[in-house]
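Asks: Taking the working numbering, I'd label the letters of the sequence shown as residues 8 to 116.
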Amino acid sequence: MPAYLGDAGDDLRSTLLPAELLPLFDDRFVRSCDLIEEYIFRLVARIAREMGLAAALAEGGSVAEIARRAGLDPVAGPPLLDWLLRLLAERGAIARSDTVPVRFQTSEP
8 MPAYLGDAGD DLRSTLLPAE LLPLFDDRFV RSCDLIEEYI FRLVARIARE
58 MGLAAALAEG GSVAEIARRA GLDPVAGPPL LDWLLRLLAE RGAIARSDTV
108 PVRFQTSEP
């Protein structure tokens, strides 16, 4: 969960944490977390590119459908792909439906 919210950059730490923990989560800590999250996103985007997921995502589908089209192991692939796709969708790199099961698709045609 981000420590800052909205265009105004409201600091939410005092509403999320007990007072005795606030000194541990200073601006430097929050910035480090932000940098780590950006690093992970870039790694995931790179992995998706190297796996050739764009083709599997083009027509959209559930995690299982995309895993099958991408040629992933049917047992080990879907849980890992689910995490990867959710992270990409959270950052706006791909589209995610609100349906059950969740469907993912590339945002660009």
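Think of the CB as a built atom: it goes at the ideal place given N, C-alpha and C, for glycine as much as any other residue.
Everything numeric in this text was worked out from a predicted model, so none of it was measured.
1. So, at 7 Å on beta carbons, what are the nonlocal neighbours of S104 in its own chain, with the 5 sequence-adjacent residues on each side left out?
2. Quickly, what does DSSP pair R103 with across the bridge? List them, please.
3. May I ask which residues mark the beginning and end of the alpha helix (DSSP H) holding G84?
4. By how many angstroms is the C-alpha of A96 removed from the C-alpha of S21?
5. Find out if the Cβ-Cβ distance for the pair L60, A77 is shorter than 8 Å.
6. Return the CA-CA distance between A71 and L29, expressed in angstroms with no decimal places.
Replies: So, from the data block:
1. To locate residue 104, count along the sequence shown from 1; it is residue 97. A distance below 7 Å between beta-carbons, with the five flanking residues on each side excluded, links S104 to the following residues of its chain, in chain order: R110.
2. Taking the sequence shown and counting its residues from 1, one reaches residue 103 at position 96. Looking at the DSSP assignment, R103 forms a beta bridge with F111.
3. The count along the sequence shown starts at 1 and reaches residue 84 at position 77. Unbroken alpha helix (DSSP H) run through G84: 84-97.
4. Within the sequence shown, numbered from 1, the residue matching residue 21 stands at position 14. Within the sequence shown, numbered from 1, the residue matching residue 96 stands at position 89. C-alpha of S21 to C-alpha of A96: approximately 28 Å in a straight line.
5. Taking the first residue of the sequence shown as 1, we reach residue 60 at position 53. Taking the first residue of the sequence shown as 1, we reach residue 77 at position 70. Yes.
6. Position 64 of the sequence shown holds residue 71. Position 22 of the sequence shown holds residue 29. Distance between the alpha carbons of A71 and L29 is about 42 Å.
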